[in-house]
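Presented below is the structure to which this report refers.
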Amino acid sequence: MATNLAIDDKLIEEARRIGKHATKKGVVTEALLEYIQRRKQIEILDLFHSVDYDPDYDYKEQRKKP
Numbered sequence: 014m015a016t017n018l019a020i021d022d023k024l025i026e027e028a029r030r031i032g033k034h035a036t037k038k039g040v041v042t043e044a045l046l047e048y049i050q051r052r053k054q055i056e057i058l059d060l061f062h063s064v065d066y067d068p069d070y071d072y073k074e075q076r077k078k079p
């Protein structure tokens, strides 16, 4: 999809140099992928302490042969 964005040329150039990308498209694509990955990680971290565990649960009991 063709898109026109006004992005600071200095930022793009620095990101291209640091990331060793040949094109601006490569920089923007990787930046978006990293952004998405980071947001998904934050969602996962937000799930910690949101699950209630049964203190009486015994996984060894389920492994016993009948």
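Residue numbering for the sequence shown is 14 to 79, as defined by this note's numbering. Even glycine gets a Cβ: it sits at the ideal position worked out from N, Cα and C.
- In the structure shown, Asp-69 adopts coil according to DSSP, grouped into three states.
- Of the residues assessed, Val-40 falls on the buried side of the cut-off, its CB having 16 or more other CB atoms within 10 angstroms.
- For Leu-24, the enclosing alpha helix (DSSP H) covers residues 22-32.
- The shortest C-alpha to C-alpha distance from Glu-26 to any of Tyr-48, Ile-57 and Thr-36 is the one to Thr-36.
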